[in-house]
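Below is one structure, written out as structure tokens; the observations come after it.
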Amino acid sequence: MYLCAPNQNIMKKKELTSTFTIYQMDELDQEQRELVEVAKAQVHKSYSPYSHFQVGAAAKLANGVIIKGSNQENAAYPSGLCAERTALFAAGATYPEEKVTMLAIACFTNGHYTAEPGSPCGSCRQVMVETEHRYPGNMQVLLYGETCVYVFDSAKDLLPLSFLTEDLQG
Ligand code: THU
């Protein structure tokens, strides 16, 4: 992304905006609801003996296949991986030629799903953006909470001004 016009070094304030929509579960369409249900079921596959915070993820591919993920922790803490990246990397490893069109995430702790949707960590946002960017079109991100669901039409709305493969060109 290029924001610096040549020969223009005057200080300028910029604003980064991010848009998402808040829905009730019954306001989602069937495809969205089904993917959220898969993410919700996945929390119970989480391996999280250290945080006791269970996260489930479900990635829908263009061919209709759903790839599942959950957070996988490790006694050497940084060796663990979040649910979102577990699902997205499995999708890329298994179906590299298929676009990921939708990703749903749910969090569960202390015996119940979180009331508010969980907020994906920065590393997962970075991976979401590149996953979306790999193929044309957007990847919708659905964050489930007991009280509402946040729907981001693009992963880029979760990480404005993100670092993309083009940025490596300098
Ligand atoms: N976690 C995820 O799986 N996704 C996120 O986006 C945030 C955090 C996991 C990592 C760790 O296993 C536990 O939640 C507590 O941080």
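Straight run, no breaks: the sequence shown in our numbering ends on number 186.
Even glycine gets a Cβ: it sits at the ideal position worked out from N, Cα and C.
(request) Please classify residue 184: is it buried, with 16 or more other beta-carbons within 10 angstroms of its beta-carbon, or exposed? (result) exposed
(request) Return the first residue and the last residue of the alpha helix (DSSP H) that residue 51 is part of. (result) 46-58
(request) With a 10 Å radius around its C-beta and 16 neighbouring C-beta atoms as the bar for buried, classify residue 38 as buried or exposed. (result) exposed
(message) Cutting at 6 Å between CB atoms, please list the residues of its own chain near residue 130, excluding the five before and the five after it.
(response) 123, 161
(request) Determine the extent of the alpha helix (DSSP H) in which residue 142 is found, giving its start and end residues. (result) 138-149
(request) Pull up the distance between the alpha-carbon of residue 98 and that of residue 64, whole angstroms please. (result) 10 Å
(request) Could you spell out where the beta strand (DSSP E) holding residue 85 opens and where it closes? (result) 82-86
(request) Between the Cα of residue 49 and those of 119, 33, 26, 67, spot the shortest distance and give me the residue it belongs to. (result) 119
(message) In the DSSP output, which residue or residues are listed as bridge partners for residue 189?
(response) Since the first and last residues shown for the chain are 17 and 186, residue 189 lies out of range.
(message) So for residue 27, helix, strand or coil by DSSP?
(response) coil
(message) Residues around the ligand THU, please: the ones whose beta-carbon is closer than 6 Å to some heavy atom of it, in chain order.
(response) 64, 67, 69, 71, 87, 89, 96, 98, 99, 100, 136, 137, 140
(request) Using only alpha-carbon positions, find the residue among 30, 34, 164 that is nearest to residue 133. (result) 164
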